[in-house]
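Residue numbers (the working numbering): 39 to 285.
Shown next, in the form of structure tokens:
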């Protein structure tokens with residue numbers, strides 16, 4: 039699917055997430071040092087350890103900002119302080135909320151690239167989002183041949199040179215979003231086949247050759263900011279997307 043050109047806006051004071059709605063949040067990760075320090079106070083010891091493993095200071099700050107903002111966003115839905123949130127992790131590292139009350143179904147996924155982060159919040163655990171900063175790439179066809187299906191490779195090779203890079207990033211983000219949604223890299227990028235024809239809606243065509251399995255999913259192309267491409271993958275149909283700025 040191609041999401042309508044989004045109108046990003048400030049969140050309402052009373053934040054409500056309906057069962058058929060996905061909230062897409064975006065935020066700049068380049069924050070003043072004072073805000074980084076405030077967000078760092080909300081992180082868990084494990085998150086601090088992860089932050090300290092980054093070699094570059096910029097990457098460390100981006101991690102703190104991304105995780106701290108995630109906590110701030112989720113805390114608004116759950117009426118909890120950001121530091122009160124607890125996370126669990128799947129076998130492939132997919133994070134989930136560990137301290138939901140009985141009957142609560144809030145799920146999330148996040149991605150960051152370069153200076154931007156994006157978050158998806160929904161009431162289904164099978165939701166994934168991927169963000170990529172678009173940069174010039176050499177040897178696109180070689181990457182496609184290595185990571186994509188034979189049919190996808192043929193489609194990209196048939197495109198004009200000025201369309202190949204966009205097609206690559208469109209496919210990459212859709213595939214990654216699906217793999218993040220299921221929390222399992224087992225199918226691999228080449229096992230998730232997506233539509234690649236320019237101008238046509240994004241869609242999963244098959245999952246490990248199974249077209250029926252792919253038909254149960256929705257994929258949305260997103261442009262959260264100039265120079266970026268993103269995709270949302272979520273199980274089911276008929277979702278409504280709302281675009282929110284974290285401020």
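Note that beta-carbon positions come from the ideal geometry of N, C-alpha and C, so glycine has one too. All values reported here derive from a predicted model rather than from experimental measurement.
Self-check item: Residues near residue 218 in its chain [Cβ-Cβ closer than 8 Å; skip 5 each side]
Solution: 132, 147, 149, 166, 167, 168 and 271
Quiz item: Would you report the Cα separation of residue 279 and residue 59, rounded to the nearest angstrom?
Solution: 6 Å
Practice problem: Have a look at 221, 53, 182 and 200 and flag the residue whose alpha-carbon is nearest the alpha-carbon of residue 127. | Solution: From the listed residues 221, 53, 182 and 200, the smallest Cα separation to residue 127 is found for 221.
Exercise. Would you mind sorting residue 195 into buried or exposed? The rule is 16 or more other CB atoms within 10 Å of its CB.
Key: exposed
Quiz item: Given residue 170, which residues of its chain have a CB within under 6 Å of its CB, disregarding the five upstream and five downstream residues?
Solution: 151, 207, 211 and 267
Quiz item: Between residue 19 and residue 124, what straight-line distance do the alpha-carbon atoms span, to the nearest angstrom?
Solution: A query on residue 19 cannot be resolved here, the shown segment of the chain reaching from 39 to 285 and no further.
Quiz item: Are the beta-carbon atoms belonging to residue 260 and residue 252 less than 8 Å from one another?
Solution: no
Quiz item: In whole angstroms, what separates the C-alpha of residue 160 from that of residue 145?
Solution: 5 Å
Self-check item: Distance CB(residue 203)-CB(residue 178) smaller than 8 Å
Solution: yes
Exercise. Return the first residue and the last residue of the alpha helix (DSSP H) that residue 193 is part of.
Key: 188 to 196
Quiz item: Between the Cα of residue 187 and the Cα atoms of 200, 172, 175 and 247, which residue gives the shortest distance?
Solution: 247
Quiz item: Quick one: Cα of residue 42 to Cα of residue 66, how far?
Solution: Per-residue confidence for residue 42 stands at a pLDDT of 48, beneath the threshold of 50, marking its modelled position as unreliable; no derived number is given.
Quiz prompt | Enclosing beta strand (DSSP E) for residue 182 [first to last residue] | solution = Careful: residue 182 lies outside any beta strand (DSSP E), inside the alpha helix (DSSP H) at 178 to 185.
Quiz item: Can you tell me whether residue 269 is buried or exposed, with buried defined as 16 or more other CB within 10 angstroms of its CB?
Solution: buried
Self-check item: Start and end residues, beta strand (DSSP E) containing residue 72
Solution: From DSSP, residue 72 is part of no beta strand (DSSP E) but of the alpha helix (DSSP H) over 71 to 78.
Self-check item: Distance CB(residue 74)-CB(residue 111) smaller than 8 Å
Solution: No, the Cβ-Cβ distance between residue 74 and residue 111 is not below 8 Å.
Quiz prompt | 4 or more residues per run - each alpha helix (DSSP H) lying fully within the stretch 240 to 271 | solution = 249 to 252
Exercise. Would you kindly check if the distance between the Cβ of residue 64 and the Cβ of residue 172 is under 8 Å?
Key: no
Quiz item: Cβ of residue 107 within 8 Å of Cβ of residue 282?
Solution: no
Exercise. Please name the residue, chosen from 115, 113 and 197, that lies closest to residue 235 on a Cα-to-Cα basis.
Key: 197
Quiz item: On the three-state DSSP scale, how would you describe residue 306?
Solution: Limits of the chain in this structure are 39 at one end and 285 at the other, which puts residue 306 out of reach.
Quiz item: In whole angstroms, what is the alpha-carbon distance linking residue 117 and residue 258?
Solution: 29 Å
Quiz item: Is residue 155 helix, strand or coil when you go by DSSP?
Solution: strand
Practice problem: Taking 8 Å as the cut-off, decide whether the C-beta atoms of residue 114 and residue 53 are in contact. | Solution: yes
Quiz item: So, helix, strand or coil for residue 222, using DSSP?
Solution: coil
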